[in-house]
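Numbering (our numbering), first residue to last: 425 to 758.
Ideal Cβ placement from N, Cα and C applies to all residues, glycine included.
Data block below; observations after.
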Amino acid sequence: LKDAKVVSGEQRINREDLSDEFKNVVSLEATNNTKRNILFSSGVFTIKEGKNIEENDKNSIIVHEEFAKQNNLKLGDEVDLELLDIEKSGKIKSHKFEIIGIFSGKKQETYTGLSSDFSENMVFVDYSTSQEILNKSENNKIANKILMYSGSAESTDLALNKLKELKIDESKYFVEKDSKAFEESLESVSGIKHIIKIMTYSIMLGGMVVLSLILILWLRERIYEIGIFLSIGTSKIQIIMQFIFELIFISIPSIISSLFLGNVLLKVIVDGFINSEDSMISGGSLINNSSFMLNITTLGQSYLILISIIVLSVVFASSLILIKKPKEILSKIS
């Protein structure tokens, strides 16, 4: 690290064999997408200013906020790093990187006696520039880890089979399928679905009870009307159907408004979930124009459930009155 000082901290290992240049070193990781890095995707590190390193970035670096604070650095400033090329007799190469992002956070640290052990002294640079500094050609680039992402479990298995056909030198590299994050997410989603199912049934049962109680009071106010209908020969089924249609007619404005409000609330909730988890997919891929038909289908199913609740509640509430004869109903009114 040139023209800057590392952040000091409590070191658990003291080394007296270090030269001055190794007392001012940072931990460097070259990547073409810091957003996919496990330290950022897990939330250990969080971008506070600027942006993540992306595939097309050149001469770019993101640094820790404590490192930036100590050296009075801000977005757009340059950091001069000396890279050690072990393959060429330890030759030192210097290169300036522009700060495009500043992050915060604290990772689990492993102590070796170097200043690079601390989270504050970790930096991320773009991969393409790191290869240019090391004079690596397009077909001769180096990497100690390559992460591949797939859209489904089937795609992952297909990719693994193709990698095995490449006959990779297993003494230097090994291929590992990491589906832990996916399985944990799937488990979380399953748990949420179970909770939603319980809540749905509870709301349906509660809705039936509340609506039935309201209808009982509502029908008591209309008991004279019911008695007149029964006395002129109107069947009980016709009276019940009239009440059902009245309630369905009242529910139409609410179901129309819920179509639009539901979409807005769903987008807010999903976007909040994605941002909080720093997901590797965009919210737009979950909520797009094609999902509108899915929302219509879901709305239709919900409305059918509402109609079922209305029918059951009306039948239950009406039965308490309609089991009586018209003469008995009218005599009670008088």
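Buried or exposed by the 16-neighbour rule on C-beta atoms within 10 Å, applied to residue i
i       : result
Lys-749 : exposed
Gly-500 : exposed
His-488 : buried
Ile-745 : buried
Val-599 : exposed
Ala-567 : exposed
Ile-720 : exposed
Thr-470 : exposed
Ile-705 : Its pLDDT being 42, under 50, Ile-705 is placed unreliably by the model, and nothing is read from it.
Val-692 : exposed
Val-633 : exposed
Leu-654 : buried
Ser-714 : Legend: pLDDT at Ser-714 = 45, less than 50; position of this residue unreliable, value from coordinates given subsequently. Burial call: exposed.
Ser-432 : exposed
Thr-458 : buried
Glu-544 : buried
Gly-651 : buried
Asp-550 : buried
Ile-747 : exposed
Met-572 : exposed
Asn-712 : With a pLDDT of 48 at Asn-712, under the threshold of 50, the predicted position of this residue should be treated as unreliable, and no value is reported.
Gly-525 : buried
Val-688 : exposed
Val-450 : buried
Val-613 : exposed
Asn-585 : exposed
Ile-485 : buried
Ser-681 : exposed
Asp-504 : exposed
Met-665 : exposed
Asn-476 : buried
Extent of the continuous beta strand (DSSP E) run through residue i
i       : result
Gly-537 : Careful: Gly-537 lies outside any beta strand (DSSP E) and carries neither H nor E.
Ile-485 : 484-488
Leu-452 : 451-455
Extent of the continuous alpha helix (DSSP H) run through residue i
i       : result
Phe-469 : Element bounds for Phe-469: not the alpha helix (DSSP H) but the beta strand (DSSP E), 469-474.
Ser-655 : 647-655
Ile-477 : No alpha helix (DSSP H) contains Ile-477, which DSSP labels as neither H nor E.
Ser-465 : 462-465
Residues bridged to residue i (per DSSP)
i       : result
Asp-427 : Asp-427 pairs with nothing; no bridge assigned.
Lys-517 : Leu-507
Gly-529 : Phe-469
Glu-502 : Glu-522
Check: residue i C-beta below 7 Å from any heavy atom of the ligand FMN
i       : result
Ile-656 : With respect to small molecules bound, the structure shown includes none, and the ligand FMN cannot be examined in it.
**OP:** Report yes or no: do three or more beta-carbon pairs, one from the region 563-577 and one from the region 472-482, lie closer than 8 Å?
**Re:** They do not touch, by the three-pair rule.
Original post:
Would you say the region 453-473 touches the region 430-444, given that touching needs at least three Cβ pairs under 8 Å?
Top reply: No: the two stretches stay apart, fewer than three of their Cβ pairs being nearer than 8 Å.
**OP:** List in chain order: all unbroken beta strand (DSSP E) runs of 3+ residues lying wholly within the region 543-578.
**Re:** Correct list: 546-550.
**OP:** Would you check if there are 3 or more beta carbon pairs closer than 8 Å linking the region 553-572 to the region 489-496?
**Re:** Not touching, per the Cβ criterion.
Original post:
Would you call the region 459-474 and the region 517-532 in contact, with 3 or more CB pairs under 8 Å?
Top reply: Under the Cβ criterion (8 Å, minimum of three pairs), the region 459-474 counts as touching the region 517-532.
Original post:
Are the region 617-629 and the region 638-658 touching, with three or more C-beta to C-beta distances below 8 Å?
Top reply: Contact fails: fewer than three Cβ-Cβ distances are below 8 Å.
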